[in-house]
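A.B. asks: Residue numbers (UniProt numbering): 52 to 407.
Just so it is clear, CB atoms sit at the ideal spot from N, CA and C, and this is done for glycine as well.
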Ligand code: COI
């Protein structure tokens with residue numbers, strides 16, 4: 052109950068006040084785990100419903116070596132962020148979208164999932180319990196990582212008999228080591244991230260393990276990350292390992308359509324709406340890799356990366372540069388509107404933020 056006492060008064064257990072910030076260096080946050088005070092846990096059996104979750108001190112969890120998630124990858128994750136406003140209140144960005152996406156993923160992975168209300172309430176409780184870890188305005192955000200996993204023991208291939216929903220958080224800054232500077236991508240044409248009928252369109256943990264080999268090879272050559280092509284024609288853009296991609300030509304912004312092999316990013320969806328509201332024409336369609344050659348700008352979107360400008364893309368040994376040293380004008384405009392909205396600096400006409 053430490054978080055409750057913390058929220059009211061000076062806390063005996065952690066000797067801090069809720070309004071106080073954790074004693075860390077806030078100026079240079081990257082995207083790495085900083086352990087915080089509490090995590091949220093809720094369990095349910097196969098065929099049952101999640102009912103009562105609780106906060107516990109952040110720490111290691113116990114799993115049977117035969118747990119479904121460890122043996123057969125029966126697991127999903129989500130990512131969302133909380134921002135501290137100038138008045139000290141906290142804003143969540145579209146948490147119900149993450150809840151819905153987790154429910155869709157759970158259906159694909161044969162798992163029970165928390166209801167939208169349970170998910171959102173659990174996120175709120177976890178963030179409030181870790182309030183001192185939400186960075187000061189302008190210094191970053193609190194990254195919230197909900198997990199859903201088959202935690203029960205199975206040996207033969209089957210859905211696990213028990214499931215755990217867990218949320219932990221960490222204060223974060225920029226995702227890429229480049230910070231807000233443009234990233235350099237390489238198009239991967241041998242390895243693929245997803246196949247039609249597979250699980251590319253849900254946020255299952257295995258999708259992310261599958262990109263590590265190409266990503267490591269790209270990083271060893273000095274690239275920031277890998278851009279994937281569709282595995283059938285090897286011709287159409289799909290997504291980057293950790294984010295969605297957008298290509299700008301004049302007033303038209305194109306992005307690969309959601310068709311089961313691409314993650315339906317919440318930042319992607321939000322940027323499409325923001326771009327349309329700013330007068331751009333947005334096309335969700337098949338985007339041939341050749342369109343990269345004469346694009347004005349390319350940028351990536353994701354919860355972790357927010358909006359990240361692409362400085363160059365290398366395809367079959369040819370490097371295509373975009374701009375010189377920073378955001379292209381379109382990415383800058385969209386980034387600015389989205390982040391000001393997320394931080395509560397402009398009117399939230401979309402009704403996307405949830406204030407705590
Ligand atoms: C996110 O952007 O929240 C993600 O889940 C991507 C992850 C690789 C950091």
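Report the rounded CA-to-CA distance for residue 367 versus residue 149, giving the unit in angstroms.
C.D. replies: Translated into positions along the chain shown, residue 367 becomes position 316. Translated into positions along the chain shown, residue 149 becomes position 98. Between residue 367 and residue 149, the C-alpha separation is close to 36 Å.
A.B. asks: Given a cut-off of 8 Å, decide if residue 222 and residue 377 are closer than it, judged by their beta-carbon atoms.
C.D. replies: Counted from its first residue, the chain shown places residue 377 at position 326. Counted from its first residue, the chain shown places residue 222 at position 171. No; because the gap between Cβ atoms is not below 8 Å, this pair is not in contact.
A.B. asks: Look at residue 226 and residue 356 and say whether their C-beta atoms are less than 8 Å apart.
C.D. replies: To locate residue 226, count along the chain shown from 1; it is residue 175. To locate residue 356, count along the chain shown from 1; it is residue 305. Taking 8 Å as the Cβ cut-off, residue 226 and residue 356 qualify as a contacting pair.
A.B. asks: Look at the alpha carbon of residue 176 and the alpha carbon of residue 135, and state the distance between them as a whole number of angstroms.
C.D. replies: Your numbering for residue 176 matches position 125 in the chain shown. Your numbering for residue 135 matches position 84 in the chain shown. Rounded to whole angstroms, residue 176 to residue 135 spans 15 Å at the Cα level.
A.B. asks: What are the boundary residues of the beta strand (DSSP E) that includes residue 372?
C.D. replies: By one-based count along the chain shown, residue 372 stands at place 321. Counting along the chain, the beta strand (DSSP E) containing residue 372 begins and ends at 369-372.
A.B. asks: Identify which residue in 241, 218 and 247 has its Cα closest to the Cα of residue 268.
C.D. replies: Translated into the one-based positions of the chain shown, residue 268 becomes position 217. Minimum Cα distance to residue 268 is reached at 241.
A.B. asks: Using the C-alpha atoms, what's the distance from residue 119 back to residue 127?
C.D. replies: One-based indexing of the chain shown puts residue 127 at position 76. One-based indexing of the chain shown puts residue 119 at position 68. Going by the C-alpha atoms only, they are around 12 Å apart.
A.B. asks: Please report the distance separating the alpha-carbon of residue 174 from that of residue 198.
C.D. replies: For the purposes of this step, residue 174 is identified with residue 123 of the chain shown, where counting begins at 1. For the purposes of this step, residue 198 is identified with residue 147 of the chain shown, where counting begins at 1. One C-alpha to the other measures close to 11 Å.
A.B. asks: Could you name each continuous beta strand (DSSP E) segment of 3 residues or more that falls completely within the segment 117-182, going from the start of the chain to the end?
C.D. replies: Correct list: 126-128, 131-135 and 141-144.
A.B. asks: Run the Cβ filter for me: residues under 6 Å from any heavy atom of the ligand COI, listed in the order they occur in the chain.
C.D. replies: So the residues near the ligand COI by this Cβ test are 130, 259, 293, 353, 354 and 355.
A.B. asks: Compare the beta carbon distance of residue 286 and residue 247 with 8 Å and say whether it is the shorter of the two.
C.D. replies: Along the chain shown, read from residue 1 onward, the residue named residue 286 stands at position 235. Along the chain shown, read from residue 1 onward, the residue named residue 247 stands at position 196. Not closer than 8 Å, so no.
A.B. asks: For the segment 178-189 against the segment 320-336, are there 3 or more C-beta pairs whose distance is under 8 Å?
C.D. replies: With a cut-off of 8 Å, the segment 320-336 and the segment 178-189 do not count as touching, because too few Cβ pairs lie within range.
A.B. asks: Using the Cα positions of residue 169 and residue 371, report the straight-line distance between them to the nearest angstrom.
C.D. replies: Mapped onto the chain shown, residue 169 falls at position 118. Mapped onto the chain shown, residue 371 falls at position 320. Going from the Cα of residue 169 to the Cα of residue 371 covers about 46 Å.
A.B. asks: How would you write the range of the beta strand (DSSP E) that residue 276 sits in, first residue to last?
C.D. replies: In the chain shown, the residue the question calls residue 276 occupies position 225. It spans 276-280 - the beta strand (DSSP E) in which residue 276 sits, taken as one unbroken run.
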